[in-house]
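Q: Residue numbers (my numbering), protein chains in the order written: chain A, 1 to 136; chain B, 137 to 272; chain C, 273 to 408; chain D, 409 to 544; chain E, 545 to 680; chain F, 681 to 816.
C-beta atoms are modelled at their ideal positions from N, C-alpha and C, and glycine is treated no differently.
6 protein chains.
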Amino acid sequence: MPTVRVTRRVHFSAAHRLHNPALSAEENERIFGLCNSPNWHGHNYELDVTVEGTPDPVTGYVVDLGHVRAAAEAVIGDLDHRNLNVDVPWLQGILPSTENLVVAIWDRLAPSIPSGRLARLVLWETPRNSAEYSGE
Amino acid sequence: MPTVRVTRRVHFSAAHRLHNPALSAEENERIFGLCNSPNWHGHNYELDVTVEGTPDPVTGYVVDLGHVRAAAEAVIGDLDHRNLNVDVPWLQGILPSTENLVVAIWDRLAPSIPSGRLARLVLWETPRNSAEYSGE
Amino acid sequence: MPTVRVTRRVHFSAAHRLHNPALSAEENERIFGLCNSPNWHGHNYELDVTVEGTPDPVTGYVVDLGHVRAAAEAVIGDLDHRNLNVDVPWLQGILPSTENLVVAIWDRLAPSIPSGRLARLVLWETPRNSAEYSGE
Amino acid sequence: MPTVRVTRRVHFSAAHRLHNPALSAEENERIFGLCNSPNWHGHNYELDVTVEGTPDPVTGYVVDLGHVRAAAEAVIGDLDHRNLNVDVPWLQGILPSTENLVVAIWDRLAPSIPSGRLARLVLWETPRNSAEYSGE
Amino acid sequence: MPTVRVTRRVHFSAAHRLHNPALSAEENERIFGLCNSPNWHGHNYELDVTVEGTPDPVTGYVVDLGHVRAAAEAVIGDLDHRNLNVDVPWLQGILPSTENLVVAIWDRLAPSIPSGRLARLVLWETPRNSAEYSGE
Amino acid sequence: MPTVRVTRRVHFSAAHRLHNPALSAEENERIFGLCNSPNWHGHNYELDVTVEGTPDPVTGYVVDLGHVRAAAEAVIGDLDHRNLNVDVPWLQGILPSTENLVVAIWDRLAPSIPSGRLARLVLWETPRNSAEYSGE
Numbered sequence: 001m002p003t004v005r006v007t008r009r010v011h012f013s014a015a016h017r018l019h020n021p022a023l024s025a026e027e028n029e030r031i032f033g034l035c036n037s038p039n040w041h042g043h044n045y046e047l048d049v050t051v052e053g054t055p056d057p058v059t060g061y062v063v064d065l066g067h068v069r070a071a072a073e074a075v076i077g078d079l080d081h082r083n084l085n086v087d088v089p090w091l092q093g094i095l096p097s098t099e100n101l102v103v104a105i106w107d108r109l110a111p112s113i114p115s116g117r118l119a120r121l122v123l124w125e126t127p128r129n130s131a132e133y134s135g136e
Numbered sequence: 137m138p139t140v141r142v143t144r145r146v147h148f149s150a151a152h153r154l155h156n157p158a159l160s161a162e163e164n165e166r167i168f169g170l171c172n173s174p175n176w177h178g179h180n181y182e183l184d185v186t187v188e189g190t191p192d193p194v195t196g197y198v199v200d201l202g203h204v205r206a207a208a209e210a211v212i213g214d215l216d217h218r219n220l221n222v223d224v225p226w227l228q229g230i231l232p233s234t235e236n237l238v239v240a241i242w243d244r245l246a247p248s249i250p251s252g253r254l255a256r257l258v259l260w261e262t263p264r265n266s267a268e269y270s271g272e
Numbered sequence: 273m274p275t276v277r278v279t280r281r282v283h284f285s286a287a288h289r290l291h292n293p294a295l296s297a298e299e300n301e302r303i304f305g306l307c308n309s310p311n312w313h314g315h316n317y318e319l320d321v322t323v324e325g326t327p328d329p330v331t332g333y334v335v336d337l338g339h340v341r342a343a344a345e346a347v348i349g350d351l352d353h354r355n356l357n358v359d360v361p362w363l364q365g366i367l368p369s370t371e372n373l374v375v376a377i378w379d380r381l382a383p384s385i386p387s388g389r390l391a392r393l394v395l396w397e398t399p400r401n402s403a404e405y406s407g408e
Numbered sequence: 409m410p411t412v413r414v415t416r417r418v419h420f421s422a423a424h425r426l427h428n429p430a431l432s433a434e435e436n437e438r439i440f441g442l443c444n445s446p447n448w449h450g451h452n453y454e455l456d457v458t459v460e461g462t463p464d465p466v467t468g469y470v471v472d473l474g475h476v477r478a479a480a481e482a483v484i485g486d487l488d489h490r491n492l493n494v495d496v497p498w499l500q501g502i503l504p505s506t507e508n509l510v511v512a513i514w515d516r517l518a519p520s521i522p523s524g525r526l527a528r529l530v531l532w533e534t535p536r537n538s539a540e541y542s543g544e
Numbered sequence: 545m546p547t548v549r550v551t552r553r554v555h556f557s558a559a560h561r562l563h564n565p566a567l568s569a570e571e572n573e574r575i576f577g578l579c580n581s582p583n584w585h586g587h588n589y590e591l592d593v594t595v596e597g598t599p600d601p602v603t604g605y606v607v608d609l610g611h612v613r614a615a616a617e618a619v620i621g622d623l624d625h626r627n628l629n630v631d632v633p634w635l636q637g638i639l640p641s642t643e644n645l646v647v648a649i650w651d652r653l654a655p656s657i658p659s660g661r662l663a664r665l666v667l668w669e670t671p672r673n674s675a676e677y678s679g680e
Numbered sequence: 681m682p683t684v685r686v687t688r689r690v691h692f693s694a695a696h697r698l699h700n701p702a703l704s705a706e707e708n709e710r711i712f713g714l715c716n717s718p719n720w721h722g723h724n725y726e727l728d729v730t731v732e733g734t735p736d737p738v739t740g741y742v743v744d745l746g747h748v749r750a751a752a753e754a755v756i757g758d759l760d761h762r763n764l765n766v767d768v769p770w771l772q773g774i775l776p777s778t779e780n781l782v783v784a785i786w787d788r789l790a791p792s793i794p795s796g797r798l799a800r801l802v803l804w805e806t807p808r809n810s811a812e813y814s815g816e
């Protein structure tokens, strides 16, 4: 039986700031530069959700991508048009770098994939910057 | 000797319908929703063909991508501007989900790669949905 | 007061066939080639809807693009996952070339733009082919 | 002598919020929905700057696009990684809709185009939403 | 009768150098910078060819875009995988800026558009730089 | 601790020619076709640089992508607006196929990645052709 990976792209827009409260203002600015700008900035994020499995002989689906979209939108609905540092209970205490965000989204999304298994997330902060996580 | 993967993108436009004749009309509509629409719908498909190997010391090529393009177009020439449920002998009996299509294209294309080995196919049904297969 | 044009992109997937029933089968094939393929083919269409007007001093909007999206989706909801030659009452008797489609969508959409005026539609049949109409 | 339009794309990332302080909280939420979210959200903006003129017989340029890029980046440098409601002196009192932003950027950028004349700005808030202004 | 604009995108890859032989080496380097690099550089060019007219009642076409593609490829076939300063007889004496190229391509292409009239060319030197010409 | 891959895209434009001086002119033309055109052609290259590692608990970064961009631009600065066959000391004797280029860039770039480890390079010669290398 072939193993196939299917991917659905979803998107959200959010504000954030890279700032570690354990560091001084000077250290934050030195490390994060413009990304530490005090009154926030923001991005159009794109998230590629990849699920791996064997196509079902009856449906031809590894998983219904409409269900993957719904599961992903349930998670990113908490992020869309929000402030990632302030508004999201499950991001409290997490510095919202793309790396930390993609891991946090994985932990939230993986249990709700209805069939197959979550195999890869790619989170695009801009069309030229991304972070990829495969659960390990 | 380095192992390099080279990729060529090709495209085709086709009609299809997700419908399993072993199921009732109601079950088909419940499972496939709009994709079961009786008079077909269609997509602009993009296919990324990846071949892996060692660059030839004389040519610098893993494989001439012009030959990969020709091999891929020989296969998708059967699909382009066709109905994937009706017109293609080698898709008879296959429910044309993106997953099943990418596996069927692999089986058809792999033997005609002139050098290196077919390593990955990614078939895009839309810019936001795709299926990826690596031959196993 | 400045005049600004705002644009919202929406998409749909549909099957069609270029075929003029007033012509012979041979003439149809000669004129339309693969696009005349008897069992249909299809595309992922993208539609750029542009509305022109003066930004409202209270909202900063020429028009709420969420309302433009809703108006456009009410029209293309008749086309999405459908057969443009067969399934759409308001396309009966219209040969579904990109040119004819963009004019038909204009006639259907223009009256439902809630503020400003519909200024331009661009309908993409593929990422390399499009038709543009400005209502005249 | 031919008239040619040349375009350079530049980008910036910023936070904002659609909120009119002359309206009640309820009216703001009703009109702007998620875009009124109190703790800001943000976007990757792309700005297409188009300059029109006659190519110089010596250089072949309507304008050196490197100079256009520099002029545009001098303006959007005030916006990049900033909060459009709070941080930008020349946006004070302006509700930062895409429409209002593109007009404000025009007023700021037009005088610094070194040759030719600014003919069109297109400001993309997302890949599916944009506002276009031609100075009138 | 509606007036519709149809567009077909074609592409070519070429080497060039911005250099005016009437200027000194120092002036060339000051004006053109890296684009004056002596041993050439190059680009993947994209050309958007727009033809305007009334859709034919029999075919639904302003013009068969397959014919537009063929006409455009006959012209850019002289440019593809060539050196724009050296290899192209009809570019002799023309400094190959994007502005001058789009005008030269217009003059070459306009007479061979089989129906409708050539309305606009957009020549992309990179995804962020382009020149647009409408024949006047 | 999670392992995350971060990617930054950078670009350059260059001229090249596929030509093996150990072969006859006829063999070169037979093997490389238009890519052997004597007076060079060129491309807009895009390079995706992927670094793998564990996010730093203090910064949330696998690596500061600004530093990755700087390291990559230090390498491709030798290639940008240059002739890959002629101008680049570290490409001497290397036939500039996409495969050979991506390996040469890897060897040059890997030692200068400031944290994490270089995990993958994808070099796009055009939007439809690429070569990918993971260091082995």
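1) Using a Cβ-Cβ cut-off of 8 Å, state whether E:R561 counts as contacting chain C.
2) According to DSSP, F:E707 sits in a beta bridge with which residue or residues?
3) Could you check the C-alpha separation between A:A74 and D:R438 for me, to the nearest Å?
4) Would D:W498 be called buried (16 or more neighbouring beta carbons within 10 Å of its own) or exposed?
5) Pull up the DSSP beta-bridge partners for D:V476, would you.
6) Under the rule that 16 or more other beta-carbon atoms within 10 Å means buried, what is E:V550, buried or exposed?
7) So what's C:W396 in DSSP terms, helix, strand or just coil?
8) Pick out whichever of B:A240, B:V198, B:P193, B:A267 has its Cα sitting closest to the Cα of B:L215.
9) Taking the alpha carbon of E:M545 as the point to measure from, which residue in E:V606, E:E570, E:Y589 has its own alpha carbon closest?
10) What residues match up with E:Y589 in a beta bridge as DSSP calls it?
11) Between the C-alpha atoms of A:V49 and A:D56, what's the straight-line distance to the nearest angstrom?
12) Starting from the C-beta of A:R17, find all residues in its chain whose C-beta is less than 6 Å away, skip the five residues before and the five after it, and write them out in chain order.
13) Kindly indicate which three-state DSSP category E:G577 falls into: helix, strand or coil?
14) Find the residues of chain D that neighbour A:L34, judging by a C-beta separation of less than 8 Å, and give them in chain order.
15) Residues of chain A with CB under 7 Å from D:N452, in chain order?
16) Among E:E596, E:S557, E:Y677, E:E590, which has the Cα closest to the Cα of F:S717?
17) Answer with yes or no whether the minimum CB distance from D:L529 to chain E is below 8 Å.
18) Quick check: is the beta carbon of E:N644 nearer than 8 Å to any beta carbon in chain D?
19) Determine the chain C residues that contact E:L609 at a beta-carbon separation under 8 Å, and present them in chain order.
20) According to a CB-to-CB cut-off of less than 7 Å, which residues of the segment 626 to 638 of chain E neighbour chain F?
21) By alpha-carbon positions, which one of F:T734, F:V782, F:R749, F:H723 ends up nearest to F:E816?
22) From the DSSP secondary-structure annotation, give me the bridge partner or partners of F:Y813.
23) Could you give the DSSP three-state label for A:T59: helix, strand or coil?
24) Taking 8 Å as the threshold (beta carbon to beta carbon), is D:Y469 in contact with chain C?
25) When we look at the beta-carbon of E:V602 and count the other beta-carbons within 10 Å, is it buried (16 or more) or exposed?
26) Would you mind giving the Cβ-Cβ distance between B:L259 and B:Y181, rounded to the nearest angstrom? I have them listed as a contact below 8 Å.
27) Looking at chain B, is there any beta carbon in it that lies within less than 8 Å of the beta carbon of A:R9?
28) Is it true that the CB of E:H563 sits closer than 8 Å to the CB of E:F576?
29) Any chance you could list the alpha helix (DSSP H) runs of at least 4 consecutive residues sitting entirely within the segment 209 to 251 of chain B, in chain order?
30) Within its chain, find whatever has a CB closer than 8 Å to the CB of A:R82; leave out the 5 residues flanking it on each side and keep chain order.
31) When you compare only the Cα positions, how much space is there between E:H611 and F:S810?
32) To the nearest angstrom, report how far apart A:S97 and A:I76 are at their CA atoms.
33) Once DSSP output is grouped into helix, strand and coil, what is the label at B:T186?
34) Would C:A294 pass as an interface residue toward chain B - the criterion being a Cβ-Cβ separation below 8 Å?
A: Quick answer:
1) Any Cβ of chain C closer than 8 Å to the Cβ of E:R561 would place that residue at the interface, and such an atom is absent.
2) Partner(s): none; F:E707 has no beta bridge.
3) Between A:A74 and D:R438, the C-alpha separation is close to 23 Å.
4) Exposed.
5) Per the DSSP secondary-structure output, D:V476 pairs with nothing in a beta bridge.
6) Under this definition E:V550 is a buried residue.
7) C:W396: strand per DSSP, three-state reduction.
8) Check the Cα spacing between B:L215 and each of B:A240, B:V198, B:P193, B:A267: the tightest is with B:A240.
9) Nearest to E:M545 by C-alpha distance, out of E:V606, E:E570, E:Y589, is E:V606.
10) Partner(s): E:F556.
11) In a straight line, the C-alpha of A:V49 is about 19 Å away from that of A:D56.
12) So the qualifying residues of the chain are W40, N85.
13) For E:G577, the secondary structure class from DSSP, reduced to helix, strand or coil, is helix.
14) Residues of chain D whose Cβ lies closer than 8 Å to the Cβ of A:L34 are, in chain order, D488, H489.
15) Neighbours of D:N452 across chain A, judged by C-beta separation under 7 Å: H43, N44, T126.
16) If we check each option's Cα against that of F:S717, E:S557 comes out closest.
17) Not an interface residue.
18) Closer than 8 Å to some Cβ of chain D, the Cβ of E:N644 qualifies, so yes.
19) The contacting residues are N401.
20) From the segment 626 to 638 of chain E, only R626, N627, V630, D631 have a Cβ closer than 7 Å to chain F.
21) Among F:T734, F:V782, F:R749, F:H723, the Cα nearest to that of F:E816 belongs to F:V782.
22) In DSSP, F:Y813 forms a bridge with B:V140, F:L801.
23) Here A:T59 sits in coil by DSSP.
24) Chain C, which has no Cβ nearer than 8 Å to the Cβ of D:Y469, makes this no.
25) A residue is called buried when at least 16 other Cβ atoms come within 10 angstroms of its Cβ; E:V602 does not meet this threshold and is exposed.
26) Taking C-beta atoms under 8 Å as the contact rule, B:L259 and B:Y181 qualify, at a distance of about 6 Å.
27) For A:R9, the answer is yes, since a Cβ of chain B falls inside 8 Å of its Cβ.
28) In this structure, E:H563 lies closer than 8 Å to E:F576 by Cβ.
29) Along the segment 209 to 251 of chain B, the alpha helix (DSSP H) occurs as fully enclosed runs of 4 or more residues at 234 to 245, listed in sequence order.
30) Within the same chain, A:R82 has close Cβ partners A14, A15, V88.
31) Looking at the two C-alpha atoms, the distance is approximately 30 Å.
32) Cα to Cα, A:S97 sits roughly 16 Å from A:I76.
33) Strand at B:T186.
34) It does not; no Cβ of chain B falls within 8 Å.
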